[in-house]
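Have a look at the structure below before the remarks.
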Ligand SMILES: Cc1cc2nc3c(=O)[nH]c(=O)nc-3n(C[C@H](O)[C@H](O)[C@H](O)COP(=O)(O)OP(=O)(O)OC[C@H]3O[C@@H](n4cnc5c(N)ncnc54)[C@H](O)[C@@H]3O)c2cc1C
Ligand SMILES: Cc1cc2nc3c(=O)[nH]c(=O)nc-3n(C[C@H](O)[C@H](O)[C@H](O)COP(=O)(O)OP(=O)(O)OC[C@H]3O[C@@H](n4cnc5c(N)ncnc54)[C@H](O)[C@@H]3O)c2cc1C
Ligand SMILES: Cc1cc2nc3c(=O)[nH]c(=O)nc-3n(C[C@H](O)[C@H](O)[C@H](O)COP(=O)(O)O)c2cc1C
Ligand SMILES: Cc1cc2nc3c(=O)[nH]c(=O)nc-3n(C[C@H](O)[C@H](O)[C@H](O)COP(=O)(O)O)c2cc1C
Ligand code: FES
Ligand code: FES
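Protein chains in written order, with the numbering used here: chain A, 1 to 314; chain B, 315 to 628; chain C, 629 to 918; chain D, 919 to 1208.
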């Protein structure tokens, strides 16, 4: 708040935030899986305007992903079952990361493993690079082993995160799945294991049915639900994780406007990610930092960081 | 399927279904909490057109419910935190049920308790009445004790359902919460305890934020998310519970059209309930049986029951 | 969908006119004969927009013969903006008429014997809309009326001509001056009552507007023992009484002033209200929240 | 939103015209100069409707000078219905131009030396729309063209005049007879190729339409060693290449016929396609699914 609470212009509002010891230009990151590795949008947008970019989920070996159809539309949302199609961490480090490092923004490597050993190995490889932080994806619902099956169990989260912590000094963000009875239990496990931040939420497991063929729309039968439909669930989980741990939080799930982004910050997020909305409105993530600053300024606040955790529950 | 698979009119399609040993005129029930006890709509609609009516959640003692605001709009859905406002099971049996029994449709009593003893006592009281079946609500997220906190733990579900089973011969339906890591684990517990059917899903725990006041919109801070937003999650859970138990299933969550209802049946539901959609389109639940029959007839099917579990996963 | 001669709850209306009343307010005229026929002052409709939940809007005027209803709408968000921008000719999906409206039979005991009963409406903002319908109804029944209407400024004053044509006496109040009375509508009411010859039981006060104004009016009436009905707004989902989402805290027994929880309960704004006897409401100053 | 002289991806177009081509098909003319300027045949746009995801629609014609694009839309569901019902004057939210289109430079090796190269387009249904743009482009480059278009029945035939005005030769096929050729478009192509004097490398075949038709055409071309490009459709989310949602199974190496999984991979219909060399596709008869 500036002294007399009078309105400020968006330019007068400081957008910088920190997530643990990671400094970001602004709280808006492109989420994993909905921004590729940045190359497709680089011709059209200045990527240095972002707070950061989370890579598509990387695996130790290249993955072809699931057979199509991989996407289905739902009310105010979509299902995806991409199944982590990616060129593998080796190709990423050699062929993709160098270009990403030229974008002048934080680069967060999202990694997904079949096993603890996979995660540890990838963390080791990526720690030797110039990436800003690691995002352990313990939450992808579209693969048969690893990932979400690890993230659903606090003990396994504890073990995997602790093992990764042991081999890296890079900031370690842990991305959690909402498909759990208690998000706080999983969040506390990640905290105990030495995570630097929590990222929540990944997609909710869902299904779409084709009435004519009497088959699931997705070849994978089930997929991950994302988009505005899940925003209320995501806000609640960010709120609970913020209340029940001391970790900084990166919030996402259905963010489609500056107001949405600030609501996540109020609930406890230090920064936010934009996922599915980028598929529909590729401009959005670039417009958000200024739009958030405009709202903050109109309310007389001279920085965005003040929003984090400011929600006053009844 | 009629013999030559040729189109039939909706009148030629049998709408009767059974849920365990409960016979229903058609698979469309009004869900608990979005239809009151029928009195408000009786002047406008012929309630005998319904497959059945689930009462608002009943508690042993009258409950005033949570302070307002109790409802909030979200994208393709809403949050509610009514907190089980109801006149108590005693007043229900004496003053409300007699009128409901005149409606010539199945009456399902939805009961919610703070403890196992509550459930058992209510089941005992209601078993002495003419209700068609009991719906144990182990899933309301808007009360501080009982309900969802019981429904989230397979062991507690087992105990509560078994205790109720011991005191009643009425059909015992168990309504589950989606806020769990494994719906199958909870569903199997209910099956083991002697439930006659599963009802899923209740609402997902969510939150809405008022950016201007920096407070939760709901006075209860959190609420239950319902409506089309959650349909993909509900379909997936019906599919999983059908796959992993042998119980008949009553499916709900975001149903807003005949197509939606048939999709739930394909995933394994023997009947469906319409919840939040009745708040927006009070006609819908009355139109659905014929609309479902029309779709079935156009596809050459002479009954609705054939849809149950017909989905062919990939 | 009419079943077995039962009345319809849902109606397909047709928008005949959309008139701009001020920068932020529009007046919609909709053809919906069955709805118009059944409507009573103080009732409302639920309109479908592209948002998920319907939007509750009070009936501002009804022409039974022509089968028309009028709605006054103020732009405050996506739903009301959409309604203000509707093009004539379009179909409007309505549920209604809903709720318990004003009751013109509820003057004080003995009012009719002691002299001509007088209706006073007090309102501000969108609260003026349902009051206009009430004034028109009272005029039709030959009940003399006084309309007190508050506006933030003369520039925001709306419906003045129509109220003057309907009410026996009109007092337009503005916080910034420039109209009949300087101050808010509650203060205008005080000045009217202070100098009036009628006895309390001869007057019925009906109010609609911001919650603060309503509480001000209600407390004055309680004090003076004048019967008072208030039309409240709550966040609604169904509007038809089935979801219990729109609770208003009320005293269990009419006229109570207790604050003990056991003496209060919740009633549904949409079904038991939106019009309540002022004395039944647990006003915010007594701890009520809604 | 143009940043630092970067081209725009999102465009606010303005609907100038909406013409009904048949019971189920409309032709939209949209002013969107920057998009029109950048577009190439075979590319598409993603249009916003009230549904959650955008809808991919191929470019049917482009007028760079006037800054216009044309889209042909068939009613198949809520999104396309909404687009067919748009009123002229309205703003249209577009992302594009997207994807890798047809490549007119890709005739067979040595085609230019051995004689005038000839473009043959083969299509049916909504597949005709992108082919029209390609025919117009080829005409502009002076490439002789043959257009083969299939319709279920003469009643469903659309765009005939426009194709006749553009292509050097047109063959309209109908399953039910009554047009130039009786049978489907693939059979029409066979009859053309069977009696033609051109050598394979002088011909380029570009096809768009139902997957079954495309496979039929692709296999004929492979057999006859005629270069062939097909424009495919897949369920899309982003349309801009970032979500990897729209995979098409392709051989890792051009012209492969292996079925081993290790020899195939997925490419993005929206970014690597929608136009692919026919030889790269793992067609359904070889186990490909999309
Ligand atoms: C019985 C009743 C009668 C009404 N009659 C009229 C009328 O005649 N004319 C008219 O213009 N409006 C009337 N309203 C108010 C009208 O329903 C709301 O303004 C409208 O729903 C707002 O929708 P929106 O999408 O434009 O804005 P939203 O984005 O939904 O809301 C805009 C702002 O208003 C707040 N808000 C919205 N609805 C309510 C509510 N019910 N209670 C408290 N705060 C709320 C929101 O929190 C938000 O801050 C009435 C409301 C009720 C309950
Ligand atoms: C690159 C590309 C170019 C296209 N060009 C045109 C065009 O020029 N003109 C035109 O009319 N249409 C075109 N389409 C198809 C058009 O995108 C769909 O018809 C439209 O999205 C349907 O939306 P809807 O809401 O009307 O129907 P929906 O309800 O979304 O779909 C109707 C039916 O079509 C199926 N369907 C929808 N989209 C696809 C898809 N992409 N793949 C397979 N099945 C699908 C659905 O399962 C459903 O059965 C194109 C599609 C692609 C991918
Ligand atoms: C098409 C698609 C692909 C995704 N891929 C990944 C991924 O590779 N790794 C990951 O952690 N999350 C992935 N996600 C999840 C998103 O990053 C995000 O957590 C989720 O979609 C919720 O946010 P949203 O509603 O803003 O999209 C993917 C989501 C979508 C829609
Ligand atoms: C306002 C409201 C009140 C509800 N009350 C109850 C209740 O008392 N008991 C219960 O079992 N479920 C209750 N529910 C949950 C619904 O019955 C249903 O399980 C849920 O809303 C999902 O279905 P839907 O999306 O069709 O609404 C309530 C839902 C709403 C929206
Ligand atoms: S809004 Fe549903 S009971 Fe009033
Ligand atoms: S639709 Fe997203 S990559 Fe093609």
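Where is the CB? At the ideal position from N, CA and C, for every residue including glycine.
So, is residue i buried or exposed, given that buried needs 16 or more other C-beta atoms within 10 angstroms?
i	result
residue 442(B)	exposed
residue 342(B)	buried
residue 446(B)	buried
residue 346(B)	buried
residue 464(B)	buried
residue 375(B)	exposed
residue 780(C)	exposed
residue 769(C)	exposed
residue 881(C)	exposed
Output, in chain order, the set of chain B residues within a Cβ distance shorter than 8 Å of residue i.
i	result
residue 259(A)	525
residue 917(C)	381, 382, 533
Can you name the residues of chain D whose CB is closer than 9 Å to the CB of residue i?
i	result
residue 104(A)	Under the 9 Å cutoff, chain D gives no residues; its nearest Cβ is about 13 Å from residue 104(A).
residue 214(A)	Ordered by position in chain D, no residue passes the 9 Å Cβ test against residue 214(A), which lies about 17 Å from the chain.
Could you tell me how far apart the beta carbons of residue i and residue j are, in whole angstroms, since I believe they sit closer than 8 Å?
i	j	result
residue 1118(D)	residue 1144(D)	5 Å
residue 787(C)	residue 766(C)	Rounded, the Cβ-Cβ distance is 16 Å, inconsistent with contact.
residue 1044(D)	residue 990(D)	7 Å
residue 82(A)	residue 1162(D)	5 Å
residue 201(A)	residue 146(A)	The Cβ separation is near 18 Å, so there is no contact.
residue 988(D)	residue 946(D)	7 Å
residue 438(B)	residue 481(B)	5 Å
residue 1048(D)	residue 977(D)	7 Å
Please say whether residue j and residue i have beta carbons closer to each other than 8 Å?
i	j	result
residue 544(B)	residue 371(B)	no
residue 1168(D)	residue 1194(D)	yes
residue 871(D)	residue 1146(D)	This structure cannot speak to residue 871(D), because chain D is shown only from 919 to 1208.
residue 556(B)	residue 563(B)	yes
residue 817(C)	residue 776(C)	yes
residue 1125(D)	residue 1041(D)	yes
residue 580(B)	residue 209(A)	yes
residue 159(A)	residue 116(A)	yes
residue 1013(D)	residue 948(D)	no
residue 451(B)	residue 476(B)	no
residue 825(C)	residue 778(C)	no
residue 34(A)	residue 26(A)	no
residue 251(A)	residue 272(A)	yes
residue 575(B)	residue 333(B)	no
How would you list, in chain order, the residues of chain B whose beta-carbon sits under 7 Å from the beta-carbon of residue i?
i	result
residue 180(A)	495
Against residue i, what residues of chain B qualify as contacts under a CB-to-CB distance less than 9 Å, listed in chain order?
i	result
residue 750(C)	Near residue 750(C) there are no residues of chain B at all, since even the closest Cβ is about 24 Å away, more than 9 Å.
Against residue i, what residues of chain A qualify as contacts under a CB-to-CB distance less than 7 Å, listed in chain order?
i	result
residue 576(B)	211
residue 1156(D)	279
residue 374(B)	Neighbours of residue 374(B) on chain A: none; closest Cβ ~26 Å, over 7 Å.
Along chain D, which residues have their Cβ under 8 Å away from the Cβ of residue i?
i	result
residue 85(A)	1162, 1165, 1184
Along chain D, in chain order, which residues have C-beta atoms closer than 7 Å to that of residue i?
i	result
residue 76(A)	970
Under 8 Å between beta-carbons, which chain C residues line up against residue i? List them in chain order, please.
i	result
residue 394(B)	865, 871, 873
Who sits around ligand 1, taking every residue whose Cβ is closer than 5 Å to one of its heavy atoms? 672(C), 683(C), 684(C), 685(C), 686(C), 701(C), 702(C), 704(C), 705(C), 706(C), 707(C), 708(C), 754(C), 757(C), 861(C), 863(C), 902(C)
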